[in-house]
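Down below is the structure, laid out as structure tokens.
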Amino acid sequence: MSFALLAVLPACSGDDEKKPPTNPEACVPPEGGEVFEAGSAEGHPDPLGAKEAGQARAGRIKDAANFPQPAHGRQGITNGDIVLINDKISVVIEDLGLSDGYSRFGGEIIAVDRVGDDGKPLGLSYYQETLAGIGTESILPDSLTIINDGSNGEAAVVRASGVLAPIPFIADSLGAIFASYGLRATHDFVLEPGAEYVRVRMSVINDRNQPIDFGVERDGSDELVGFFHGSQAQTVTPEFGYGDPTSSVSWVGFDSGKSSFAWRAPRGPMDFALTQSGFALFLGPAFIAEACAVTTVEHADIIAGGPGYDGLREAVRRVDGEEAWREVRGRVTNAAGDGVAGAWVHAENAAGEYLSRTTTADDGTFSIHAPPGDDVVLVPQSQGYPMHEGMTVPPGESEADLAFAANGTLHVVATDDSGQVRLPVRIQVVPTEPIAAWPSAYGVKDEVNGRLYQEFAVTGEATLVVPPGEHQVIVTRGFEYEQVTSAINVDAGDMVEVPATLEQTVDTTNVFCADFHIHSWYSADSSDPIDYKLKGAVADGLDIPVSSEHEWVADFQPIIERMELEAWAFGIPAEELTTFKFGHFGVFPLQPKPGMLNNGAVDWIGMTPGGLFDAAHSQPESPMVIVNHPSDSSIMGYFRMAGYDRETGRGLDDTWSDHFDAIEVFNDSDFEGSRENSVGDWFSLLNAGYRFWATGASDSHHLRTSAVGYPRTCLTFDHDDIGMLTATSVQEAMAKGAATISGGLFMTVEGPGGVGPGGTVTTAANGSATFTVTVQAPSWVDARTLETIVNGVSVSVEDLMPIGPGPGKRFMVQVPVERDAARDVNWVVFHAKGEGDLAPMLPGKRPFAVSNPIFLE
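Numbering-wise, the numbering used here puts 1016 at position 829 of the sequence shown, and it's gapless, one number per residue.
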């Protein structure tokens, strides 16, 4: 995850003009303004009775166990939080104290939901986190009270009052651009009876004798609104649809399907600043805080809507008092007249501007809204069906049935070579005739590399709709199996059977391969649901998927068991500890701890690297610390941020610590691509006497473009039963260095006495030792050379010559290695590679394998 924001915000820099007045003389605050008025601590005793009473109410939540929780599964609603609720919507304000997520401050919105017939929230909130404040700061509340509980029939009002304090995430990434003020301020959350939105008013006390300009009379506003909602919702705006904004927008919406919400600045449009790694930053309308005065502005309206974008747009129109758009109903069918479930229906105006979208029900029916007096073009879209040119629905019409042209169907069944065992596989369908891409405004992600499908069929079976014509069907199961590729011609209306028998030709007995760096939608910068991510891992033959969410601990194993995939994979919980000062770190294993900060993630704020490593090690699981992408040039790379020097084997005194255990030398990369950076750093540490083991991991955020398990870390055990694996046994194997890195090639290394990677060999009297290096690959993966590296220097490169019958490839090389008696530390690493790439499974990825070091004495 990259938070290198400074490089993408040149338009926001304002140097000294963005700073508050220098050396201001304090003035006497206005009467009553030194501390904002507080209200009731408890509020209404029965807030959930608001609908029946026809009121808006505010009250403390007393029984969170029976209060509908957010649907996203991250930070939950707990006792002491405050609910604002009427007959339409429910908004929950988090209680005081340390908060999950990136803002860390309480007194903020943590759920926005619609209200059901029973007067309770529906439990459909996907509202995660919004960083709303001035410059680098937001309100750190010392008071959260209820100004009006709504029992008088008026608006219910909740007040969060405190001092503007730096948000660590913003201050660490944007502190050089935006100012800090330290003013006392409030957020008032106001919900009117019958309203579908909550109004947020901001008040600030300027206790200085000069006005403070937050951006009115200069370029660039200091009113920042940063959204962390994109992992489980799609960002959408009226101006750009689901495409990335490039300028001002009237509001920003977040569509999670069953629910949605919009954030709007009541005083004017919001200026788009950037999107980066799941963080979307907008600048609200600026204002001036007058000297020695309290200034109050309408800061935001949060509008609850849904389902989907179409429901949100209707909610916004109702809030604005506008005429409702006409409802257009219809049905989407295939050529046989059967309803198509789950199809998108997109609406454009006659000029091609994006208006709305919805999805079809199980029977293919849909409802969408269109401008009353204008033509609307409805375009159905569903994966595999021929592209539809759209249907124009003129004003006054309210019905439209949409039919796809005739399609074909593929039925793929994958088994092992016995024909009896269904295998989890990846199925790729590549049409001979390229498929046109959908407009970005539609919010539909096309597959990459010319694919129509990238299906992870964990049951070994898939039925796929395809347009008529010729298609290449590619069935794979990772790097241990042969692939099956078929050229299939499909006629309209036909179903074609595609059997695929896959032979395992790489022997990995007693070896299980792990990916220690996998993100799902519990990370702000990944939109992959956990089920989908695990399907990708299992279909590509990964044995040990390790959850590595940013600042959150999630466990894959219960989901693996629910999906009945425990015969194929063993999941382990961990986290990626994500600092914005000195890099990212894998903490493995780390069990979820519900009720603790970020589900048990290690809190890094205010720590030095050494203190952070020690804090991680002191967790009950005694986890390992892996330095992730260590040599990255941005703030993600610890070695670069710590000023690591290869000559001295250490970094700068104020940031360097060697209290870590392993290094992610290969992050979605091969040996050659890492040789000059992370490999060179790793080798220098080995030469300095450290025994830091290398890992290889995918750092996969989006399975569509970044597969899980390239590369992977293959660990040796004394058994071949995946059911016997535990988080502790995997950690112990990694702690011994008994691992090789596989990027398509599988390597084993054995020295005298059977010593393997991570071990120590006693050389002969002449200082030499001979190693047996075995490299395996399926027939579709190229393997050419074996490089021997001693003490960081390449001492030999020899061709790999296959032995034994095919179809799989097997190479065995005897490699003599000499110890340098003049050195205190001697070690050897082996590196195998092939030419070309790993297409068609992983186009662009190069085949390689690397051993961890074996030491010589």
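Cβ atoms here follow ideal geometry from the backbone N, Cα and C, with glycine treated the same way.
Item                                                                                                                                                                                              : Value
State buried or exposed for Gly508, treating a residue as buried only when at least 16 other CB atoms are found within 10 Å of its CB.                                                            : exposed
Considering only the beta carbon of each residue, do Asn396 and Ala480 sit closer than 8 Å?                                                                                                       : no
Nearest-angstrom Cα distance between Ser809 and Asp848?                                                                                                                                           : 12 Å
For Pro994, which residues from the same chain have a beta carbon less than 8 Å from its beta carbon, with the 5 sequence-adjacent residues on both sides left out?                               : Glu669, Glu690, Thr692, Pro965 and Ser966
Assuming the contact rule is C-beta atoms closer than 8 Å, Ala243 and Thr332 should be a hit. Round their C-beta distance to whole Å, please.                                                     : Not really, about 17 Å apart at Cβ, beyond 8 Å.
Exposed or buried, Pro567, counting other C-beta atoms within 10 Å across all chains shown (16 or more means buried)?                                                                             : buried
DSSP beta-bridge partners for Gly440?                                                                                                                                                             : Val423 and Ala449
Whether or not the region 378-387 and the region 407-424 are in contact is what I'm after, with contact meaning three or more pairs of Cβ atoms, one per stretch, closer than 8 Å; do they touch? : no
Can you name the start and end residues of the beta strand (DSSP E) that Met457 belongs to?                                                                                                       : Met457 to Gln463
Starting from the Cα of Gly656, find the closest Cα among Pro621, Pro328, Thr646 and Gly883 and give me that residue.                                                                             : Pro621
Work out the CA separation of Val391 and Ala358 for me, nearest whole Å.                                                                                                                          : 20 Å
Would you check if the region 287-294 and the region 246-253 touch, i.e. whether three or more CB-CB distances between them fall below 8 Å?                                                       : no
When burial is assigned at 16 or more other CB atoms within 10 Å of the CB, is His598 buried or exposed?                                                                                          : exposed
Across the region 973-986 and the region 920-932, are there enough close Cβ pairs to call them in contact, namely three or more that are closer than 8 Å?                                         : no
In the structure shown, what three-state DSSP assignment does Val1012 receive?                                                                                                                    : coil
How would you write the range of the beta strand (DSSP E) that Tyr640 sits in, first residue to last?                                                                                             : Tyr640 to Ala644
To which residues of the same chain is Asp400 closer than 7 Å at the C-beta, ignoring the five residues directly before and after it?                                                             : Ile475
Taking buried to mean at least 16 other C-beta atoms within 10 Å of its own C-beta, is Gln607 buried or exposed?                                                                                  : exposed
Just reading off the beta strand (DSSP E) that Leu468 is part of, what are its end residues?                                                                                                      : Phe466 to Leu470
If you draw a straight line from the C-alpha of Val299 to the C-alpha of Val279, how long is it?                                                                                                  : 7 Å
With three or more C-beta pairs closer than 8 Å as the rule, is the region 896-903 touching the region 744-753?                                                                                   : no
In whole angstroms, what separates the C-alpha of Asp832 from that of Leu873?                                                                                                                     : 13 Å
Alpha carbon to alpha carbon, what distance is there between Glu937 and Asp905?                                                                                                                   : 15 Å
Quick one: residues in its chain with C-beta nearer than 7 Å to the C-beta of Cys199, no 5 flanking neighbours on either side, listed in chain order?                                             : Because Cys199 sits at a pLDDT of 36, beneath the cut-off of 50, its placement in the model cannot be relied upon, and the following sentence gives the value as read from the coordinates. Same-chain partners within the cutoff: Ile364, Gly407 and Ala460.
Would you call the CB atoms of Val789 and Leu764 closer than 8 Å?                                                                                                                                 : yes
List the residues that DSSP assigns as beta-bridge partners of Gly656.                                                                                                                            : Val677
Going by DSSP, what residue range makes up the beta strand (DSSP E) through Leu309?                                                                                                               : Here Leu309 belongs to no beta strand (DSSP E), and DSSP marks it neither H nor E.
May I have a chain-ordered list of the beta strand (DSSP E) segments no shorter than 3 residues that lie completely inside the region 809-872?                                                    : 811-814 and 849-854
Straight-line CA distance for Gly524 to Arg504?                                                                                                                                                   : 35 Å
Taking just the CA atoms, how far does Asn273 sit from Arg346?                                                                                                                                    : 18 Å
Which residue marks the beginning of the beta strand (DSSP E) containing Val608, and which one marks its end?                                                                                     : No beta strand (DSSP E) holds Val608; DSSP gives it neither H nor E.
With distances taken between CB atoms, is the gap from Leu987 to Phe1017 smaller than 8 Å?                                                                                                        : no
Please classify Pro1003 as buried or exposed, where buried requires at least 16 neighbouring CB atoms within 10 angstroms.                                                                        : exposed
Alpha carbon to alpha carbon, how far is His889 from Val725? Give it in angstroms, no decimals.                                                                                                   : 16 Å
Applying the 10 Å Cβ sphere with the 16-neighbour rule, what's the burial state of Glu324?                                                                                                        : buried
Going by beta carbon distance, what residues of the same chain come within less than 6 Å of Ala590, once the five residues before and after it are set aside?                                     : Thr520
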